[in-house]
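Residue numbers (this note's numbering), protein chains in the order written: chain S, 139 to 625; chain B, 64 to 380.
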Amino acid sequence: MSGNFDQQLDDALPVVDRAALISALAAALPAEAVLAEPEQLRPFECDGLPTVRALPLVTVLPETVEQVQAVVNCCRELGVPIVTRGAGTGLSCGATPVEAGVLLVTSRLDAVLSIDAEARLARVQPGVRNLAISDAVAEFGLFYAPDPSSQLACSIGGNVAENAGGVHCLKYGLTINNVYAVTVVTMDGELVEMTVDDLGPDLLAAFIGSEGLFGIAVEVTVKLLPTPPAVETLLVAFDSIADCSRAVSTTIAAGVIPAGMEMMDQMALRAAEDFARAGYPRDATAILLVELDGHADTVAAEREALEQLMLAAGATSIRCARDDAERALFWKGRKSAFPAVARLMPDYYCMDGTIPRDAIGEVLDYICIRSNHYELPVANVFHAGDGNLHPLILFDANQPGALEKAERLGADILEKCIALGGTITGEHGVGREKINQMAVQFSDAELDQFRRLKRAFDPQGLLNPGKTIPTLKRCQEYRSIFSERAA
Amino acid sequence: MDSSKAIIEQVAAAAAAGTRLSLRGAGSKPWMAMPAAGATQLSLAQHAGILQYDPAELVVVVRAGTRLADLDAALAEQGQMLAMEAPDFNGASTIGGAVALGWAGSRSVFAGGVRDSVLGLRMVNGEGEDLRFGGQVMKNVAGFDVSRLMVGSCGRLGVILELSLKVVPLPERELTLGLAFPDLAASQVAVRDWTGRGFPVSAASYSEGRLRVRLSGRAAALEAARAELGGKAEDNSWWQALRRLEHPLFHHGWGDEKLFDCNGEVCWTAHSRRRGQAAPVSLASGPDLAKAPNRALLARVEQAFDPAGVFRPAEAA
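Right, dumping it as structure tokens:
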């Protein structure tokens with residue numbers, strides 16, 4: 139059963155008077171901020187998961203907060219859905235347009251508003267790119283910690299919507315742990331500021347990761363951290379997946395918490411090596427990329443402990459980056475792993491389940507069995523330190539049935555993650571992509587609580603409709619298929 | 064003891080009968096939620112115990128009535144601790160109460176607050192529904208983050224039954240240094256300089272012209288810090304006294320004297336606690352959510368969890 143929009147299973151979209159909508163938006167916004175011709179809309183038809191596409195009725199590119207409010211007011215009065223899009227790098231169809239709706243793109247809201255180096259805070263507009271924040275504050279010896287692989291392109295507004303992670307979450311956390319405040323345009327057109335310091339239930343925490351269903355972030359105040367004075371990056375090779383998995387668990391159990399601990403299997407590391415010339419050992423069955431940072435004495439002590447732990451777990455070689463250039467190269471291989479693997483086959487599908495660390499070996503065995511069953515290769519690149527998997531399923535969408543098989547294999551992997559006590563998404567979000575698996579991870583009562591919380595923010599249900607929370611009908615349908623398959 | 068069934072039944076019965084409940088854990092913060100007139104007390108303290116704890120996963124799952132002191136002791140046996148350092152009133156507070164209040168302790172500015180430690184929970188909403196959100200893994204973005212929404216909710220949205228919490232290794236060593244500074248601002252600048260240079264600062268308080276800074280980490284880094292920072296070594300028990308509100312400030316008061324924790328982010332007086340830009344919270348009557356920002360939105364969120372007003376306190380009735 140596909141996650142694609144299905145009027146039998148999903149809430150019907152409203153009927154919208156397109157001409158009235160366009161004239162209302164044209165009256166409220168500068169002419170160049172409203173795109174309505176099909177060739178203008180085409181570039182926005184999908185996000186980073188291109189197998190699902192749709193054209194919006196209109197795309198708007200507001201340049202000011204007032205213009206965002208004007209769009210919201212138009213849409214509320216006319217009953218038109220709004221999908222918010224940042225840089226469009228998301229991997230779960232969170233920013234895929236709704237055919238009967240407006241696509242609101244935040245890319246022109248791209249100013250760094252203020253930097254308070256003393257308080258270690260930066261106030262930025264949502265369209266500012268993730269890496270641009272660290273670039274802007276580097277002169278103060280500060281950086282913004284969450285670092286998704288797409289950090290060169292992805293926007294902070296999208297990071298907030300998805301609660302984006304990255305390769306250094308193990309020590310520094312996700313977006314939620316690194317944002318001080320967000321100013322939101324709510325569906326009633328008002329500005330609401332939520333901060334970490336607010337009394338009462340943590341609305342800011344609920345907003346972060348709400349995937350565009352609660353409001354439109356128009357200003358984000360991020361927390362900055364001092365650039366660590368010492369960094370060591372180790373490239374550790376193993377000749378078995380089991381040894382590599384065990385090394386991850388024993389390291390954490392021994393009380394060493396690296397800033398990042400990334401794992402790549404042979405297919406992934408060879409593809410990355412061919413692509414980036416990172417210096418990875420092509421004959422290894424799996425590698426770990428481990429980064430330690432902090433005070434020089436701390437890093438030295440932890441490096442020693444870590445090397446002992448890796449050797450005890452069966453590491454076949456350990457290389458430490460000699461300098462920043464080699465460190466950058468080690469990371470380039472990891473951060474370009476997705477495009478590198480993508481060169482192996484015409485299409486790939488990236489999964490995002492998270493499991494308890496001690497189940498890494500078991501889930502990798504399972505992925506291997508299912509990969510053979512569907513005859514689709516799977517490369518594994520993931521955040522081993524926090525158990526966040528990114529299996530990349532390779533296929534050729536031109537082969538009849540291949541996309542369906544890839545989606546089926548992906549669903550099997552996600553459902554295995556749930557069975558092992560994990561979750562269907564660690565950092566990419568549910569969007570449209572994992573809408574069916576929400577019915578497996580959550581009960582009807584839990585999903586209904588989500589719907590009621592959504593209505594507290596958006597009573598008319600106009601923000602990103604059809605995403606993240608499945609309808610009761612879709613859940614019933616999917617669960618019946620799921621239990622048949624399980625039986 | 065598992066009291067979840069009885070708790071769920073009591074909430075469901077109150078919702079059906081249209082009556083009110085007032086939640087009570089160990090009673091260490093009786094002011095946290097003022098009960099409505101005629102409210103029945105729902106006692107949660109018996110619902111205690113550790114349900115799941117695998118140190119290699121850095122996660123512990125506990126019933127909400129578990130006392131912080133018991134949890135700390137169980138984690139310490141495995142060389143671990145909670146990253147947050149929530150106030151432990153009279154040494155009797157429960158983890159459920161600490162999360163419902165949401166006050167982070169001395170470590171928070173350097174290691175995250177209560178909400179940064181919460182990975183998931185099981186709760187009962189105002190309709191008596193048994194719900195689970197989040198989970199036992201560090202990274203989890205499936206569905207809305209109800210677990211963290213509950214942090215600071217003061218019992219308004221439901222009863223927390225179980226929590227899964229992030230734990231961290233105990234530091235190899237801890238060291239407290241005392242240094243004289245003419246004012247808070249000067250002490251803040253110094254602390255920022257030290258964290259910027261990578262010294263593992265885990266707490267910084269300022270009172271009576273004295274900065275106390277705690278360093279937690281590898282022995283080598285602490286020795287290097289001690290050599291560079293100067294000051295006088297002090298007893299680490301300062302932080303425990305602060306956490307348990309056993310400091311003289313809280314007993315007989317200092318007049319207008321203030322004690323700043325979290326490198327100035329938290330300001331204590333004998334009668335109140337203030338964090339950042341928020342309104343001060345009285346230690347006699349607790350957070351006044353009527354003064355919370357975004358009151359209209361909060362009211363709709365309360366309605367979404369508790370449509371019958373089972374958990375609505377006195378002042379909001």
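From the three backbone atoms N, C-alpha and C, an ideal C-beta is built for every residue, glycine too.
These numbers were taken from a predicted model, which means no experiment stands behind them.
Under 8 angstroms between C-beta atoms of residue i and residue j
i: E120/B; j: D496/S; result: yes
i: G396/B; j: L182/B; result: Missing from the structure shown is residue 396/B; chain B here goes from 64 to 380 and no further.
i: P376/B; j: A78/B; result: no
i: R275/B; j: W257/B; result: no
i: F207/B; j: A344/S; result: yes
i: A161/B; j: V177/B; result: yes
i: V124/B; j: V222/B; result: no
i: T423/S; j: F376/S; result: yes
i: E571/S; j: N526/S; result: no
i: A475/S; j: A410/S; result: yes
i: S293/S; j: R267/S; result: yes
i: T130/S; j: A459/S; result: An answer regarding residue 130/S cannot be provided, because it is not within the stretch 139 to 625 covered by chain S.
i: A367/B; j: A397/S; result: no
i: G112/B; j: M64/B; result: yes
i: V298/S; j: I346/S; result: yes
i: R38/B; j: E256/S; result: Outside the shown range of chain B, which is 64 to 380, sits residue 38/B, and nothing can be said about it.
i: L280/S; j: R258/S; result: yes
i: L224/B; j: R83/B; result: no
Top-ranked residue by Cα proximity to residue i, from the options
i: A157/S; options: L151/S, A150/S, A165/S; result: A165/S
i: A108/B; options: A155/B, D179/B, A355/B, R195/B; result: A155/B
i: Q303/B; options: G168/B, V254/B, R336/B; result: G168/B
i: I556/S; options: R281/B, N203/B, L247/B, V254/B; result: N203/B
i: G599/S; options: E215/S, P194/S, Q178/S, L229/S; result: E215/S
i: N357/B; options: P597/S, F281/S, D340/S, L199/S; result: D340/S
i: F588/S; options: R336/B, E192/B, M144/B; result: E192/B
i: F533/S; options: C488/S, S161/S, T492/S, P264/S; result: C488/S
i: G189/B; options: D179/B, I71/B, V344/B; result: I71/B
i: I531/S; options: R593/S, I505/S, D524/S; result: I505/S
i: V322/S; options: I271/S, R590/S, V206/S; result: V206/S
i: L194/B; options: V209/B, A174/B, L292/B, L312/B; result: V209/B
i: R590/S; options: V364/B, A371/B, Y269/B; result: V364/B
i: H310/B; options: R255/B, G294/B, L292/B, H334/B; result: H334/B
i: D412/S; options: L482/S, M399/S, E445/S, A451/S; result: L482/S
i: F468/S; options: Y486/S, Y310/S, I425/S, R180/S; result: I425/S
i: G272/B; options: S279/B, R260/B, E320/B; result: E320/B
i: R617/S; options: L351/S, G604/S, A577/S; result: A577/S
i: P194/S; options: C212/S, P219/S, V394/S, L362/S; result: P219/S
i: L430/S; options: A291/S, E445/S, Q263/S, C613/S; result: E445/S
i: A169/S; options: I379/S, A291/S, V360/S, E201/S; result: E201/S
i: M405/S; options: L351/S, G471/S, L167/S, R441/S; result: G471/S
Integer Cβ distance of residue i from residue j, believed to fall under 8 angstroms
i: R223/S; j: V243/S; result: 5 angstroms
i: T606/S; j: V568/S; result: 5 angstroms
i: V172/S; j: V190/S; result: Not confirmed; about 25 angstroms, so no contact.
i: P284/S; j: A302/S; result: 6 angstroms
*According to a CB-to-CB cut-off of less than 9 angstroms, which residues of the region 409-436 of chain S neighbour chain C?*
Any reference to chain C falls outside this structure, whose protein chains are S and B.
*Pair every Cβ in the region 532-545 of chain S with every Cβ in the region 504-516 of chain S, then say whether three or more of these pairs are closer than 8 angstroms.*
yes
*Residues in the region 213-225 of chain B with C-beta within 8 angstroms of chain S's C-beta atoms, listed in sequence order?*
M213, V214, G215, S216, C217, R219, L220
*If contact means a Cβ-Cβ distance below 8 angstroms, which residues of the region 240-256 of chain S contact chain B?*
E256
*Looking at chain B, which residues of the region 297-316 of chain S have a Cβ within less than 9 angstroms of any of its Cβ atoms?*
E300, N301, A302, G303, C307, L308, G311, L312, I314, N315
*Contact the region 428-444 of chain S vs the region 269-286 of chain B: 3+ CB pairs below 8 angstroms*: yes
*Do three or more CB pairs link the region 217-235 of chain S to the region 175-185 of chain S at distances below 8 angstroms?*
yes
*Residues of the region 247-277 of chain B with a CB closer than 9 angstroms to any CB of chain S: list them in chain order, please.*
Q251, V252, R255, T258, G259, R260, G261, F262, P263
*Using 8 angstroms as the threshold, is the region 242-252 of chain B in touch with the region 130-146 of chain B, meaning 3 or more CB pairs across them?*
no
*Against chain B: residues of the region 327-347 of chain S by CB proximity under 8 angstroms*: V330, E331, M332, T333, V334, D335, D336, L337, G338, P339, D340, L341, A343, A344, I346, G347
*Using Cβ-Cβ distances below 8 angstroms, what residues of the region 546-571 of chain S are close to chain B?*
G559, G560, T561, I562, T563, G564, E565, H566, G567, V568
*For the region 333-358 of chain B, which residues have a beta carbon sitting closer than 8 angstroms to at least one beta carbon of chain S?*
R338, G339, Q340, A341, A342, V344, P350, D351, L352, K354, A355, P356, N357
*For the region 200-215 of chain S, which residues have a beta carbon sitting closer than 7 angstroms to at least one beta carbon of chain B?*
none
*For the region 438-461 of chain S, which residues have a beta carbon sitting closer than 8 angstroms to at least one beta carbon of chain B?*
A438, A439, E440
_By the 8 angstroms beta-carbon criterion, what residues does the region 177-203 of chain B contribute toward chain S?_
R178, D179, N188, E192, D193, L194, R195, F196, G198, Q199, V200, M201, K202, N203
*asked:* Within 8 angstroms, do at least three Cβ pairs link the region 442-459 of chain S to the region 357-368 of chain S?
replied: no
*For the region 110-124 of chain B, which residues have a CB atom closer than 9 angstroms to at least one CB atom of chain S, in sequence order?*
D117, P118, A119, E120, L121, V122
*Between the region 154-169 of chain B and chain S, which residues of the former have CB atoms less than 8 angstroms from a CB of the latter, in chain order?*
G165
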